[in-house]
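To convert, note that position 93 of the sequence shown is 144 in the numbering used here; the numbers rise steadily by one, no gaps. By construction, the Cβ of each residue, glycine as well, lies at the ideal position given by its N, Cα and C atoms. Structure record follows, encoded as structure tokens.
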Amino acid sequence: MNARRRTVLAAGAAGAAALATGCGSSDGGGGEDASPTPTASGNATGGAELARTADIPVGGGTVFKERKVVVTQPEEGEFRAFSAVCTHASCLVSTVSDGTINCPCHGSKYSITDAAVEAGPATRPLPAERITVSGGAIRLG
């Protein structure tokens, strides 16, 4: 292989690595936002109301496709929110059942408790979203 071709291939590989690193960092890896945010009691300063607490089933959850977020209630009174965008191929998750958040595209499943991957092909958890719960209202942000 000639020197010019090696240089082009090396530059392409470096660019791909930088792109993958840049894309990978958007999942909240290593930052405070990487862990799910439970209820911030008494704080009603979040955004517009997303749902009522009574609308989120215990041991399940609800996908809000228009907001690209899924809210779960793993145990009574414990609410969690995660991105609804699958970390495998960026499809929107569609359902929450049997303790998992489910992606219809390739079958990835995530835990309703912490969004950890329960079944692949996804290898990264869903990023956490911040919510506030106050007076029976769940607000994003």
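>> Quick test of your reading: L177 and S148, contact by CB under 8 Å. State the CB separation rounded to the nearest angstrom.
In response: L177 to S148, Cβ: 16 Å. No contact.
> The beta strand (DSSP E) with R175 in it runs from where to where?
Replying inline: Per DSSP, R175 lies in no beta strand (DSSP E) segment and is marked neither H nor E.
> Since I189 sits in a beta bridge, which residues does DSSP pair it with?
Replying inline: Paired residue(s): A102 and V184.
> From T123 to S162, what distance separates their C-alpha atoms?
Replying inline: Just so you know, the alpha carbons of T123 and S162 end up roughly 10 Å apart.
> What residues match up with G111 in a beta bridge as DSSP calls it?
Replying inline: Beta-bridge partners of G111 (DSSP): Q124.
> Buried or exposed: where does E117 fall if 16 or more other Cβ atoms within 10 Å of its Cβ makes it buried?
Replying inline: Burial call: exposed.
>> Assuming contact is defined by CB atoms lying nearer than 8 Å, are T113 and G187 in contact in what I supplied?
In response: Contact: no.
> With a Cβ-Cβ cutoff of 8 Å, do G192 and G98 count as a contact?
Replying inline: Cβ atoms of G192 and G98: closer than 8 Å.
> In terms of residues, what are the limits of the beta strand (DSSP E) holding A170?
Replying inline: That run of the beta strand (DSSP E) goes V168 to A170.
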